[in-house]
Amino acid sequence: MHRRHLLALVTAALATPGPGAHAQDDFSKVAVQVEKLSDTVYMLTGAGGNVGLSVGPDSVFMIDDQFAPMAPKLKAAILRLSPKPVQFLLNTHFHFDHTGGNEVLGGDGAIIVAHDNVRRRLSTEQFMSFIGAKQAPTAKAGLPVVTVAGEITFHVNGEEVHAFHVPRAHTDGDLVVHFRKSDVVHMGDTYFNGMYPFIDVSSNGSPEGVLAAYDRVLALIGDRTKIIPGHGPLSTKAELQATRQMLATVTQRIRDARRAGQTDEQIRAAKPAAEFDAKYGGGFIKAEQFVAMMLGLMPR
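Okay, so the sequence shown: first residue is 1019 according to our numbering, each after it adds one.
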């Protein structure tokens, strides 16, 4: 599927009151694309957040599951790779373009794993104030049954799969997943490749937390590491470093302007992210929205 069409689907979906508002036809022409990253690890794209998959002699280990209508297509794609069931489903965070298939996969017997705050948020209605989107509570079958406060390691398909919490980043429940043997990292929505990040103030996200998440991952990986972002194409260490530099630069400029007593109107007029707009402003968060989001996230 063309990337621009995919991003348009994601943007339209996030702008609606909730996943139940989508017509099935929105997803009818979406094909799941499978990209092999190692002997056992794959990235799946379709509509919603990027999916990570470990397939091997033990079972299937899955990371995120896109929008609810994508569940049958994801299951069919997985079946083409392995006859084994999804044993573990890890949610990188609670947003419905990453957890929409939970109820189906959980109902099939997958053990759903997430940060403590993800179960809490999936259990009650949530509201993302920046985009005006409500998320309805998830049915019991779609709730995590194993929750993690800090970190957890899975030993599956010859891999050590290490998942660790990065506090107050995209949300307050983000897990980053490192396939140590395959040298692959799934960063969830802490990282949007080639796009301005979406930092959800309603669920305690922060620029400082995102930068700390970037730094922790950068300290783990090498130049050949493959990075699965929450959205966007497969990425590299160099691209993550460039995104980190962009976010750090804009954050510091806004912080300095606030300290100098500038109003939000003056800061917006100064366009503190202008030189980055061509590279990062074509995604879900547009140029003016990014600065507005950052102003809302940072203390006065």
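Glycine included, every Cβ here is placed at the ideal spot set by N, Cα and C.
Being a predicted model, the structure only gives us computed values, none of them experimental.
Bounding residues of the beta strand (DSSP E) (the contiguous stretch that carries residue i)
i: residue 1133; result: 1129-1133
i: residue 1060; result: 1059-1063
i: residue 1181; result: 1177-1183
i: residue 1114; result: Run containing residue 1114: none in the beta strand (DSSP E); it sits in the alpha helix (DSSP H), 1114-1117.
i: residue 1193; result: 1193-1197
i: residue 1104; result: 1104-1108
i: residue 1071; result: 1069-1073
i: residue 1188; result: No beta strand (DSSP E) holds residue 1188; DSSP gives it neither H nor E.
i: residue 1111; result: That residue, residue 1111, is in no beta strand (DSSP E); it is neither H nor E in DSSP.
i: residue 1084; result: Here residue 1084 belongs to no beta strand (DSSP E), and DSSP marks it neither H nor E.
Beta-carbon proximity list for residue i, same chain, < 6 angstroms, skipping 5 on both sides
i: residue 1222; result: 1186, 1190
i: residue 1170; result: 1181
i: residue 1168; result: 1183
i: residue 1140; result: 1112, 1156, 1161
i: residue 1109; result: 1117, 1132, 1136
i: residue 1204; result: 1070, 1081, 1195, 1246
i: residue 1253; result: 1211, 1245, 1247
i: residue 1124; result: 1130, 1159, 1160
i: residue 1126; result: none
Enclosing alpha helix (DSSP H) for residue i [first to last residue]
i: residue 1149; result: Residue 1149 -> no alpha helix (DSSP H), and no H or E assigned at all.
i: residue 1243; result: It is not in any alpha helix (DSSP H) - residue 1243 carries neither H nor E in the DSSP assignment.
i: residue 1303; result: Neither: residue 1303 is in no alpha helix (DSSP H) and is coded neither H nor E.
i: residue 1121; result: 1120-1125
i: residue 1093; result: 1089-1099
Through-space distance from residue j to residue i, alpha-carbon basis
i: residue 1106; j: residue 1259; result: 31 angstroms
i: residue 1288; j: residue 1129; result: 49 angstroms
i: residue 1219; j: residue 1103; result: 36 angstroms
i: residue 1063; j: residue 1292; result: 30 angstroms
i: residue 1306; j: residue 1148; result: 13 angstroms
i: residue 1272; j: residue 1302; result: 21 angstroms
i: residue 1333; j: residue 1207; result: Missing from the structure shown is residue 1333; the chain here goes from 1019 to 1318 and no further.
i: residue 1188; j: residue 1094; result: 30 angstroms
i: residue 1316; j: residue 1176; result: 43 angstroms
i: residue 1179; j: residue 1159; result: 24 angstroms
i: residue 1115; j: residue 1198; result: 26 angstroms
i: residue 1270; j: residue 1150; result: 27 angstroms
i: residue 1278; j: residue 1298; result: 27 angstroms
i: residue 1239; j: residue 1255; result: 7 angstroms
i: residue 1058; j: residue 1314; result: 42 angstroms
i: residue 1308; j: residue 1284; result: 15 angstroms
i: residue 1092; j: residue 1061; result: 11 angstroms
i: residue 1051; j: residue 1281; result: 46 angstroms
i: residue 1212; j: residue 1250; result: 7 angstroms
i: residue 1229; j: residue 1215; result: 11 angstroms
i: residue 1164; j: residue 1073; result: 21 angstroms
Own chain residues within Cβ distance below 7 angstroms of residue i, not counting five before or after
i: residue 1056; result: 1200, 1202
i: residue 1173; result: none
i: residue 1075; result: 1175
i: residue 1142; result: 1155
i: residue 1331; result: One cannot answer for residue 1331 here, as it falls past the ends of the chain, which runs 1019 to 1318.
Close-in-space but distant-in-sequence residues of the same chain around residue i (CB under 8 angstroms, 5 per side omitted)
i: residue 1039; result: Note on residue 1039: pLDDT 33, under 50, position unreliable in the model; the coordinate value appears next. Hits under 8 angstroms: none found.
i: residue 1144; result: 1112, 1152, 1153, 1220, 1221
8 angstroms Cβ cutoff, residue i in contact with chain C
i: residue 1127; result: You won't find chain C in this structure, because it holds only one protein chain.
The region 1075-1092 / the region 1110-1124 touching (three or more Cβ pairs under 8 angstroms):
yes
Tell me whether the region 1141-1159 and the region 1188-1208 touch, counting them as touching only if at least three CB pairs, one residue from each stretch, are closer than 8 angstroms.
no
Any chance you could list the alpha helix (DSSP H) runs of at least 4 consecutive residues sitting entirely within the region 1208-1294, in chain order?
Counting whole runs of 4 or more residues, the region 1208-1294 contains the alpha helix (DSSP H) stretches 1225-1238, 1255-1277, 1282-1288.
Say whether the region 1262-1272 touches the region 1290-1304, bearing in mind that this needs 3 or more beta-carbon pairs closer than 8 angstroms, one atom from each stretch.
yes
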